[in-house]
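S.K.: Supplied in structure tokens, the structure appears directly below.
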Amino acid sequence: MGGYMDSVIRSRIDKELKERAATVLEECGLSWSVAIRLFAEQIVKHEGLPFEVTRKPTARLRVAMNEADEIITHRHGRFESAEQLMDSLNHGKKQTD
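Numbering-wise (the working numbering), the sequence shown opens with residue -1 and increments by one.
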């Protein structure tokens, strides 16, 4: 990238997390500024976060995912009209194939 560095980033993090991360950065010979710049460069390079972010689905999300699977599995035909679509959504009726 290069260029004059004239932008500042401020962030609040837990004190213990900051101290533990600072220890690791020091062991790597990196300052916070260099580490943050490296992270930003990796975000640009990967066009996203440079690591996988996962989250276990909540009970509500699991219900929604199961409902979506049910719709995909059992309601795969087409609707003849918008009225038929709405009836299916409101009453769970299957459409025609």
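For each residue, glycine too, the CB sits at the ideal point set by N, CA and C.
For Ser7, which option in Ser31, Leu23 and Leu15 has the closest C-alpha, if you only look at C-alpha atoms?
M.R.: In the sequence on display, residue 7 carries Ile and not Ser. Closest by alpha carbon: Ser31.
S.K.: State yes or no: is the C-beta of Glu33 within less than 8 Å of the C-beta of Leu23?
M.R.: The question names Glu, but residue 33 is Ala in the sequence shown. Taking 8 Å as the Cβ cut-off, Ala33 and Leu23 qualify as a contacting pair.
S.K.: Is Val32 close to the ligand SAM? I mean its beta-carbon at under 7 Å from any heavy atom of the ligand.
M.R.: The ligand content of the structure shown is nil, which means the ligand SAM is not present either.
S.K.: Which residue marks the beginning of the alpha helix (DSSP H) containing Asp4, and which one marks its end?
M.R.: Segment: none, Asp4 is in no alpha helix (DSSP H) and carries neither H nor E.
S.K.: Where Thr52 and Met63 are concerned, what is the direct C-alpha to C-alpha distance, given to the nearest angstrom?
M.R.: Their Cα atoms are separated by approximately 16 Å.
S.K.: Give me, in chain order, the residues of the same chain whose beta-carbon lies closer than 8 Å to that of Ala20; leave out the 5 immediate sequence neighbours on both sides.
M.R.: Trp30
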